[in-house]
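Asks:
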Amino acid sequence: MTSNDELVKELMDKVADQLVDSLKESISASVEKEIARHLSKALLEGEFYRRVNDDLQSGLKQIYQEVKAARGGTEIKSITADIDPEELFSETSDQLDAVLRTTEKAAVEIIDIVEKLQDLQGSVATIVKGFESGGVTREDREKLKEINNTLGMDLSNIMISLSFQDLTGQRIKRIINSIRQIEQIVREVMLSTGLMIRQREVEPEKDIDSLSQEAKTQATSKLQGPSEGANQGDVDDLLASLGLD
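Sequential numbering from 967 applies to the sequence shown in our numbering.
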């Protein structure tokens, strides 16, 4: 091998060594950058879905509080593992059952009284005819007094039977208000989380706090009905577009 060939070979070896080192550094830097990017993305994804989970948990807590209030309990501060949801909703259902039983009992009592008064009405009609003909006896007058006393007692009993209305009215009102609150909470949570997820897909690099705030603001605006005149149909359409119909 000539000296020129040796020189070329030596030069090629040096270039190859430098090229290998450069490729190693470049590949290493690229891999590190890609790993860092994926780790950062994974952390952001984890934080994003943690925030979504927190919002859902908050909504569920509010729903729980409304249901507890509907059954006459006090507001809770946190959801614990020993809570039995089945028992909670069962007791809430018992509120309606109690209303039904009270109403049914009062209705039966009033019907019985009215039926008795209908029978007495026939006796009164006979006595009235006696007054018209002038043939009223002492016995008829006593009977009329007895009927009058019975009528007074029965009217009082009807009023007592109807007194259930105050209690049942309060129960029903409380349950209806709770149902309305639960509906509002569910729709707001569904709408805000749906909007947040959709916006995340459009702007994956956007700050999570900003995504959350914008989603909640937009959800509140839609549910309250902005001045432009959005109605229930607008909200339903938006929920449907999020796959939440």
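Think of the CB as a built atom: it goes at the ideal place given N, C-alpha and C, for glycine as much as any other residue.
1. Taking Cβ positions, are residue 1120 and residue 1079 nearer each other than 8 Å?
2. Restricting to Cα atoms, I'd like to know which of 1186, 1187, 1028 and 1069 is closest to residue 1126.
3. At the level of alpha carbons, what is the spacing between residue 1154 and residue 1180?
4. Whole-angstrom Cβ separation of residue 1113 and residue 1089, contact assumed at under 8 Å?
5. Can you give me the C-alpha to C-alpha distance between residue 1213 and residue 1086, rounded to a whole angstrom?
6. Let me confirm a value: residue 1185 is counted as buried when at least 16 other C-beta atoms fall within 10 Å, else exposed. Which label applies?
7. Name the residue from 1133, 1165 and 1157 whose alpha carbon lies nearest to the alpha carbon of residue 1025.
8. Is it the case that the Cβ atoms of residue 1029 and residue 1151 are separated by a distance below 8 Å?
9. Spatial neighbours of residue 1072 within its chain, please: C-beta separation below 6 Å, excluding the five flanking residues on both sides.
10. CA-CA distance, residue 1139 and residue 1062?
11. Confirm, please, whether the CB-CB distance from residue 1134 to residue 1074 is below 8 Å.
12. Going by beta-carbon coordinates alone, are residue 1021 and residue 1159 separated by less than 8 Å?
13. Report buried or exposed for residue 1042, applying the criterion of at least 16 other Cβ atoms within 10 angstroms of its Cβ.
14. Take the Cβ of residue 1166 as the centre, count every other Cβ of all protein chains shown within 10 Å, and call the residue buried at 16 or more, exposed below.
15. Determine the DSSP secondary structure at residue 1102, reduced to helix, strand or coil.
16. Whose C-alpha, out of 1163, 1076, 1109 and 1082, is nearest the C-alpha of residue 1092?
17. Apply the 10 Å Cβ neighbour rule to residue 1099 and answer buried if 16 or more other Cβ atoms are within range, or exposed otherwise.
18. May I ask you to report which of helix, strand or coil DSSP gives residue 1021?
19. What does the alpha-carbon distance come out to for the pair residue 1047 and residue 1182?
20. Hey, how far is the Cα of residue 1218 from the Cα of residue 1164?
21. DSSP three-state label for residue 1120, please.
22. In terms of alpha-carbon separation, which member of 1177, 1084 and 1148 lies closest to residue 1161?
Replies: Inspection of the coordinates gives the following:
1. Yes, the Cβ-Cβ distance between residue 1120 and residue 1079 is below 8 Å.
2. 1069
3. Their backbone Cα atoms lie some 13 Å apart in a straight line.
4. 6 Å
5. Here the chain covers residues 967 to 1211 and nothing more, so residue 1213 does not appear.
6. buried
7. Ranking the options by Cα distance to residue 1025, first place goes to 1157.
8. yes
9. 1127 and 1130
10. 11 Å
11. No.
12. yes
13. Because the pLDDT of residue 1042 is 41, which lies under 50, any placement of that residue in the model is unreliable, and the question is left without a value.
14. The residue is buried, with at least 16 neighbouring Cβ atoms inside 10 Å.
15. coil
16. 1109
17. exposed
18. Shown here, residue 1021 sits in a helix according to DSSP, grouped into three states.
19. Residue placement at residue 1047 is flagged as unreliable, the pLDDT there being 39, under the threshold of 50; the coordinate-derived value follows with that caveat. So the alpha carbons of these two residues sit roughly 28 Å apart.
20. An answer regarding residue 1218 cannot be provided, because it is not within the stretch 967 to 1211 covered by the chain.
21. helix
22. 1177
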